[in-house]
Amino acid sequence: MRSTRMTAVVAGVVMMAGLTACNGGKSDNAGGSGGSGSGQSPLQVALASLKTAAQQTGGKKSAQVDGTLKNATSTQSMKGAMDWSQGMRMNLDITQSAGMLAGRPTKAVYTSDAMYMNMGTPVGGKSWVKYDYDVLAKKMGPAGALIKDQMNNNNPTRAMELLIASGKVKETGKEDVRGVQATHYTGTLSISELTRMQSKNVSESDMQALQQQLKASGAGQEAIDLWIGSDNLLVKKREHLVGGKVPYDSTVFYSNYGTKVPDQVPAAGDTVDFDKVGKP
1 MRSTRMTAVV AGVVMMAGLT ACNGGKSDNA GGSGGSGSGQ SPLQVALASL
51 KTAAQQTGGK KSAQVDGTLK NATSTQSMKG AMDWSQGMRM NLDITQSAGM
101 LAGRPTKAVY TSDAMYMNMG TPVGGKSWVK YDYDVLAKKM GPAGALIKDQ
151 MNNNNPTRAM ELLIASGKVK ETGKEDVRGV QATHYTGTLS ISELTRMQSK
201 NVSESDMQAL QQQLKASGAG QEAIDLWIGS DNLLVKKREH LVGGKVPYDS
251 TVFYSNYGTK VPDQVPAAGD TVDFDKVGKP
């Protein structure tokens with residue numbers, strides 16, 4: 001039972017971070033390099049601006065992050081930093097509002113191969129539970145394969161690239177985001193196209209199976225809102241489901257680009273594999 005709960009916790013952490021990956025698809029509609037541009041439509045201007053922002057943001061290689069995820073049962077908050085210079089590395093402190101870990105800070109460390117969680121109490125005599133992406137892919141089927149793909153290929157430009165690839169985006173004006181004047185962009189994608197566009201190394205059979213799972217769960221569409229500062233850096237991202245039966249609302253703030261992210265991978269001797277928890 002404990003292992004099942006831990007798996008559910010990790011699934012929430014992956015969603016709450018809002019840091020899934022995309023295949024970097026390009027749009028032929030994005031001509032130009034941003035700005036109002038004589039003769040360009042509002043869509044072309046928005047696409048060109050996001051293209052510039054994706055290049056600038058991606059080039060920074062690291063940032064501090066904090067945000068929240070709201071779902072049907074709880075609100076999770078997270079704070080930490082991520083580095084995408086060579087694969088993905090992220091360190092987070094996470095707090096949940098409900099459930100067995102309510103109010104208790106949980107530490108999470110992500111690498112390109114696995115994620116580690118420290119629940120604050122020993123598990124199997126170890127401080128950390130390890131969730132190997134290859135094992136998750138086998139245990140969880142298509143959903144696990146997608147998690148592995150996303151966690152191996154992610155950075156903050158993911159949402160910008162999704163909107164660029166879809167061509168479904170518009171600018172809604174200027175807003176203040178924690179003292180930064182930012183331009184607000186928004187777009188809405190169907191769950192099926194969102195899943196397909198953001199998957200890089202997932203097999204076609206797994207992709208079709210996952211889309212059937214999402215359809216059966218009642219998932220509708222996902223709205224993506226981005227706030228880009230005058231320096232062409234992402235400062236805020238919100239992703240939430242609209243329609244359907246699956247509640248999900250994630251907001252992440254990005255700051256201090258270029259920050260140093262220390263290597264906090266736990267020692268092998270202090271970790272236990274999640275699929276071995278509770279086993280003799």
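Counting along the sequence shown from 1, when you hit position 85 you're at 85 in our numbering, and nothing is skipped either side.
The C-beta atom is built at its ideal place from N, Cα and C for all residues, glycine as well.
{"Item": "Where K170 falls, given that 16 or more other Cβ within 10 Å makes a residue buried", "Value": "exposed"}
{"Item": "S27 (DSSP reduced to helix, strand or coil)", "Value": "Residue placement at S27 cannot be trusted, given a pLDDT of 38 that sits under 50; what the coordinates show is reported in the next sentence. S27 falls in the coil class under three-state DSSP."}
{"Item": "Segments assigned beta strand (DSSP E), at least 3 residues, entirely inside the region 78–153", "Value": "89–96, 106–110, 114–118 and 128–132"}
{"Item": "Enclosing beta strand (DSSP E) for A63 [first to last residue]", "Value": "S62 to K70"}
{"Item": "Residue of K276, Y248, K236 and D273 minimising C-alpha distance to G67", "Value": "K236"}
{"Item": "Backbone CA spacing between T75 and Y133 [nearest angstrom]", "Value": "25 Å"}
{"Item": "L43: CB within 7 Å of a non-hydrogen atom of the ligand FAD", "Value": "Annotation note on the ligand FAD: not contained in the displayed structure, which lists no ligands."}
{"Item": "Alpha-carbon spacing of D249 relative to V109, whole angstroms", "Value": "22 Å"}
{"Item": "K79 versus A54: straight-line alpha-carbon distance, rounded", "Value": "22 Å"}
{"Item": "Close Cβ partners of V261 (< 8 Å) along its chain, the five nearest in sequence each way excluded", "Value": "S62, A81, M82, D83, R89, M90 and N91"}
{"Item": "Contact between the region 224–241 and the region 174–189 (3+ Cβ pairs under 8 Å)", "Value": "yes"}
{"Item": "Rounded straight-line distance, which links the Cα of I164 to that of E193", "Value": "13 Å"}
{"Item": "Extent of the continuous alpha helix (DSSP H) run through A268", "Value": "That residue, A268, is in no alpha helix (DSSP H); it is neither H nor E in DSSP."}
{"Item": "Status (buried if at least 16 other CB within 10 Å, exposed otherwise) for T4", "Value": "Since pLDDT at T4 reaches only 39, below the 50 mark, its modelled position is unreliable, and the value read off the structure follows with that caveat. By the 10 Å Cβ count, T4 comes out exposed."}
{"Item": "Coarse secondary structure for L226, derived from DSSP in three states", "Value": "strand"}
{"Item": "Enclosing beta strand (DSSP E) for S190 [first to last residue]", "Value": "V180 to S190"}
{"Item": "Inter-residue Cα distance where the pair is A137 and A209", "Value": "13 Å"}
{"Item": "Rounded straight-line distance, which links the Cα of L69 to that of M117", "Value": "18 Å"}
{"Item": "Chain-order list of residues whose beta-carbon lies under 8 Å from that of V272 (same chain, five-residue window excluded)", "Value": "V123, G124, G125, K126, W128, V129 and K130"}
{"Item": "Distance, T57 Cα to T121 Cα", "Value": "37 Å"}
{"Item": "Residues bridged to K237 (per DSSP)", "Value": "L226 and V252"}
{"Item": "Own chain partners of G269 with C-beta closer than 7 Å, once the 5 adjacent residues on each side are dropped", "Value": "none"}
{"Item": "Simplified DSSP assignment, three categories, for Q55", "Value": "helix"}
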